[in-house]
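Q:
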Amino acid sequence: MNKIDLKLIEVTFKNTINEIEKIIDNIDFFNQYIATLIIHSIDSNKIILLAKNEFAQQIVKNNYLSKIEEIFNKNVPLMNFEFFVTTKEKIPQKKEVSSNNIVVATEGINKNYTFTNFIVGDFNKKAVLSSKSITSNNFINPLFICASVGLGKTHLLHAIGNEYNKKFPFKKVKYISADDFSREIYKALYDQNKMAIELVKTKYEKYDLLLIDDIQILLNKNKIREILFNIFNNNVVNGKYVVWTSDTDPDNLEGFEQRIKSRFHSGIFATIKKPDKAMLKNIAKEKMKNLNTDIVLSEDALNYIVNRNNGDIRRLEGQINQIFFFASSNSLKNPIIDLQTVKAIFEPLNKNEIKKYGLDFDPNIVIEQVALNYGVNANMLKSKSRIGKLVNPRNIAMYILRKKCNMTYAHIGQLFSGRHHSTIIMAINNIETRLNKNTDLKSIVEKIYYKI
Ligand code: ADP
Ligand code: MG
80 MNKIDLKLIE VTFKNTINEI EKIIDNIDFF NQYIATLIIH SIDSNKIILL AKNEFAQQIV
140 KNNYLSKIEE IFNKNVPLMN FEFFVTTKEK IPQKKEVSSN NIVVATEGIN KNYTFTNFIV
200 GDFNKKAVLS SKSITSNNFI NPLFICASVG LGKTHLLHAI GNEYNKKFPF KKVKYISADD
260 FSREIYKALY DQNKMAIELV KTKYEKYDLL LIDDIQILLN KNKIREILFN IFNNNVVNGK
320 YVVWTSDTDP DNLEGFEQRI KSRFHSGIFA TIKKPDKAML KNIAKEKMKN LNTDIVLSED
380 ALNYIVNRNN GDIRRLEGQI NQIFFFASSN SLKNPIIDLQ TVKAIFEPLN KNEIKKYGLD
440 FDPNIVIEQV ALNYGVNANM LKSKSRIGKL VNPRNIAMYI LRKKCNMTYA HIGQLFSGRH
500 HSTIIMAINN IETRLNKNTD LKSIVEKIYY KI
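Per my numbering, the sequence shown starts with residue 80, numbered consecutively.
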């Protein structure tokens, strides 16, 4: 709920109570029953007040509620609030309560998904424009957004909810996945209680904006589909807004009745296409920026990432997070992540090196174990990277491969990105000297070797 509007309501309510004081002779009575009233929640145009006990509730309800309503509404032109009074005991628990004790009029909306952090390009322009029009007079109801996974359907639904709530804080908004909706209906059906279904229906028909995600999952759920579409029809007829998403084009929603499919087309239909490589690069850069990090990806590193992405923004976000995590946990000195580093992060270890080195085991296992023990990336150990954190574990891996596994210096050099054998000898000597003095290091080496 918008803070300014909440403030306005609170101030107006206080003024209203002051006005009421003027018409009550008995100050004790006023202090007992009227001054103790607080706003519990605001729901669309309904304001629910809490009285301190049931007796107070009755007094207010029978004698003062309509007066409060009248004075209050006089002070907020263009709005018409209806007042209710109840007691704390009668309020169901687990409501979403904001810091100032006022229930927010949105349900299931994630505040972090907004239009501000939604990147727009040709691939999703129509869907974004149609979504943003939710607060204008041009909104075409219902809106149907269709896109394959990871392209921002869920993000958009929440963004619509947040935007609508910002503009119309007193309207009721609900986000629900079709899956959760099904569960709710199943529960009511399972209870074999006709009233339960009716209650669910009534509940959903109250929402000024209903955001329903992933309706393709209703494929084999005829009964649930029917109930949902009844709600939908009623809401649309009553001028309430509905936004649907699906990963399948409405015409291809197999198992959905033709009648229902054609209803999807009664409003506006917007598809999000897969972003192309250039767009993916923009999104990657934007996502990096949002992480508030100094880290930048070199152009070839960016190309490497987008070439391995088939247009899935969720996956791209995962890749960026992985890079960010790697850079933070390895405290990289150079903020530029180059191709070699991203390769090390994403390419699986090559396990076909057994034959190549004439061994009877895979030397990568040693490297993986050392990496695991030191919390570094195994591919980075093999790489040419000179990050300080890698030096010691890399030397240990070389030591184990030579002294415990009898691998030749030349082969170890090859395995570690073509290092010269003299480098390997130096690394191993370094570990040998330290092992004689350092019992901790000795036990670490033993422990790793034991695991192999
Ligand atoms: P879907 O519901 O279509 O499977 P989501 O809405 O869950 O996709 O999006 C997956 C992830 O990608 C989310 O973290 C979302 O914030 C992000 N995302 C998707 N599209 C965009 C976009 N255009 N701009 C910014 N982030 C996006
Ligand atoms: Mg989704």
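All C-beta atoms in this analysis are idealised placements derived from N, C-alpha and C, irrespective of residue type, glycine included.
I'd like the list of long-range same chain contacts for GLU284, defined as Cβ closer than 7 Å, with 5 residues on each side in sequence excluded.
A: Position 205 of the sequence shown, counted from the first residue, corresponds to residue 284. Only ILE310, ASN313 and ASN314 meet the Cβ criterion.
Q: Sorted by chain position, which residues of the same chain lie with C-beta nearer than 7 Å to GLU133's C-beta, five sequence neighbours on each side aside?
A: Sequence index remark: in the sequence shown, residue 133 carries index 54 (1-based). The residues are THR166.
Q: Is any heavy atom of the ligand ADP found at a distance shorter than 6 Å from the C-beta of VAL385?
A: As a first step, residue 385 is located in the sequence shown; it is residue number 306 there, counting from the start. VAL385 Cβ: outside cutoff for every heavy atom of the ligand ADP.
Q: How about ARG394: is its Cβ closer than 6 Å to a heavy atom in the ligand ADP?
A: Here the question's residue 394 lines up with position 315 in the sequence shown. No, Cβ of ARG394 sits at least 6 Å from all heavy atoms of the ligand ADP.
Q: For the ligand ADP, any of its heavy atoms closer than 6 Å to the Cβ of ILE99?
A: Here residue 99 refers to the residue found at position 20 when the sequence shown is read from its first residue. Every heavy atom of the ligand ADP is 6 Å or more from the Cβ of ILE99, so no.
Q: Output needed for HIS500: all residues of its chain with C-beta closer than 6 Å, excluding positions within five of it in sequence on either side, in chain order.
A: Translated into the one-based positions of the sequence shown, residue 500 becomes position 421. These residues qualify, in order along the chain: TYR488, ALA489 and GLY492.
Q: Indicate whether the contact test is met: 3 or more Cβ pairs, each with one atom in the stretch 395 to 408 and one in the stretch 235 to 244, closer than 8 Å.
A: The stretch 395 to 408 is not in contact with the stretch 235 to 244.
Q: State buried or exposed for PRO427, treating a residue as buried only when at least 16 other CB atoms are found within 10 Å of its CB.
A: As a first step, residue 427 is located in the sequence shown; it is residue number 348 there, counting from the start. PRO427 comes out exposed.
Q: Is the separation between the beta-carbon of GLU365 and that of ILE198 shorter than 7 Å?
A: The residue you call residue 365 lines up with position 286 of the sequence shown. The residue you call residue 198 lines up with position 119 of the sequence shown. Their beta carbons are under 7 Å apart, which means GLU365 touches ILE198 by this criterion.
Q: Consult DSSP for LEU376 and reduce its assignment to one of helix, strand or coil.
A: Here residue 376 refers to the residue found at position 297 of the sequence shown. Strand, per DSSP.
Q: Under 7 Å between the Cβ atoms of TYR478 and ILE433?
A: Sequence index remark: in the sequence shown, residue 478 carries index 399 (1-based). Sequence index remark: in the sequence shown, residue 433 carries index 354 (1-based). No, they are not a contact pair.
Q: Under 8 Å Cβ to Cβ from ASP107, same chain only, skipping five residues before and after it: list those, please.
A: Sequence index remark: in the sequence shown, residue 107 carries index 28 (1-based). Nothing meets the Cβ criterion.
Q: Identify the continuous alpha helix (DSSP H) that holds LEU359 and give its terminal residues.
A: Position 280 of the sequence shown, counting from 1, holds the residue named residue 359. Looking at the DSSP string, the run of the alpha helix (DSSP H) that includes LEU359 is 356 to 369.
Q: Name the two residues that bound the continuous beta strand (DSSP E) containing ILE420.
A: Start at 1 with the first residue of the sequence shown, and residue 420 comes out as number 341. Residue identity differs from the one stated: residue 420 is Thr in this sequence, not Ile. No beta strand (DSSP E) contains THR420, which is instead part of the alpha helix (DSSP H) from 418 to 425.
Q: Looking only at C-alpha atoms, which of LYS205, ASN331, LYS319 and LEU290 sits nearest to LEU298?
A: In the sequence shown, residue 298 corresponds to position 219, counting from 1. Considering only alpha carbons, the answer is ASN331.
Q: Confirm the yes/no value for this check: CB of LYS300, any heavy atom of the ligand MG, distance under 6 Å.
A: Locating residue 300 in the sequence shown gives position 221, where the first residue counts as 1. LYS300 Cβ: outside cutoff for every heavy atom of the ligand MG.
Q: So is GLU447 buried or exposed if we call it buried at 16+ other beta carbons inside 10 Å?
A: Locating residue 447 in the sequence shown gives position 368, where the first residue counts as 1. Classification of GLU447: buried, given that the 10 Å Cβ count is 16 or more.
Q: In this structure, how does DSSP classify SER522 when only helix, strand and coil are distinguished?
A: By 1-based counting over the sequence shown, the position of residue 522 is 443. Residue state, collapsed to three classes: helix.
Q: DSSP state of LEU116, grouped into three classes?
A: As a working mapping, residue 116 is identified with position 37 in the sequence shown. If DSSP states are grouped into helix, strand and coil, LEU116 belongs with coil.
Q: Quick one: using the 10 Å Cβ neighbour count with 16 as the cut-off for buried, is ILE556 buried or exposed?
A: One cannot answer for residue 556 here, as it falls past the ends of the chain, which runs 80 to 531.
Q: Figure out for me which residue from LEU520, LYS422 and THR324 has the closest Cα to the Cα of ASN452.
A: Counting from 1 along the sequence shown, the entry for residue 452 is found at position 373. With distances taken between Cα atoms, ASN452 lies closest to LEU520.
Q: Tell me whether THR233, by its Cβ, gets closer than 6 Å to a heavy atom of the ligand MG.
A: For the purposes of this step, residue 233 is identified with residue 154 of the sequence shown, where counting begins at 1. Yes - the ligand MG has a heavy atom lying nearer than 6 Å to the Cβ of THR233.
Q: Whose C-alpha, out of LYS463, TYR143 and ILE362, is nearest the C-alpha of GLU396?
A: Locating residue 396 in the sequence shown gives position 317, where the first residue counts as 1. That would be ILE362, whose Cα lies nearest to the Cα of GLU396.
Q: Does VAL449 pass the burial test, meaning 16 or more other C-beta atoms within 10 Å, or should it be called exposed?
A: Counting from one through the sequence shown, the residue named residue 449 turns up at place 370. Buried, since its Cβ has 16 or more Cβ neighbours within 10 Å.
Q: Out of GLY231, ILE527 and VAL470, which one is the CA nearest neighbour of ILE392?
A: Walking along the sequence shown from the start, residue 392 turns up at place 313. Comparing Cα-Cα distances from ILE392 to each of GLY231, ILE527 and VAL470, the minimum goes to GLY231.
Q: DSSP puts LYS482 in a beta bridge; with which residues?
A: For the purposes of this step, residue 482 is identified with residue 403 of the sequence shown, where counting begins at 1. Beta-bridge pairing links LYS482 to no other residue.
Q: Please state the DSSP three-state secondary structure of SER341.
A: Residue mapping note: residue 341 aligns to position 262 of the sequence shown, counting from 1. Three-state DSSP puts SER341 in a helix.
Q: Looking at the unbroken alpha helix (DSSP H) that takes in ALA540, where does it start and where does it end?
A: With the chain covering 80 to 531 only, the question about residue 540 has no answer from this structure.
Q: For ILE213, which option in LEU289, LYS435 and LEU116 has the closest C-alpha, if you only look at C-alpha atoms?
A: On the sequence shown, position 134 is the one that residue 213 refers to. Ranking LEU289, LYS435 and LEU116 by Cα distance to ILE213 puts LEU289 first.
Q: Since I believe THR185 is in contact with ASN532 (beta carbons under 8 Å), could you give me their beta-carbon distance rounded to a whole number of angstroms?
A: Because the chain is modelled from 80 through 531, residue 532 falls outside the range shown and cannot be assessed.
Q: With the cut-off set at 7 Å, would you say ALA349 and ALA206 are in Cβ contact?
A: Numbered from 1 along the sequence shown, position 270 holds the residue referred to as residue 349. Numbered from 1 along the sequence shown, position 127 holds the residue referred to as residue 206. Cβ distance < 7 Å, so ALA349 and ALA206 count as in contact.
Q: For a test of your reading of the model: does the CB of ALA380 fall under 6 Å from any non-hydrogen atom of the ligand ADP? Yes or no.
A: For the purposes of this step, residue 380 is taken as the residue at position 301 of the sequence shown. Answer for ALA380: no, Cβ out of range of the ligand ADP.
Q: Among residues of its own chain, excluding the 5 on either side of ALA406, which ones have a beta-carbon nearer than 6 Å to its beta-carbon?
A: The residue you call residue 406 lines up with position 327 of the sequence shown. Correct list, in chain order: ILE374.
Q: Out of curiosity, what's the CA-to-CA distance linking GLU326 and LYS302?
A: Position 247 of the sequence shown holds residue 326. Position 223 of the sequence shown holds residue 302. It is Asp, not Glu, that sits at residue 326 in the sequence shown. C-alpha separation (whole angstroms): 21 Å.
Q: Are the stretch 213 to 227 and the stretch 343 to 360 touching, with three or more C-beta to C-beta distances below 8 Å?
A: Contact between the stretch 213 to 227 and the stretch 343 to 360 is present, because at least three Cβ pairs lie under 8 Å.
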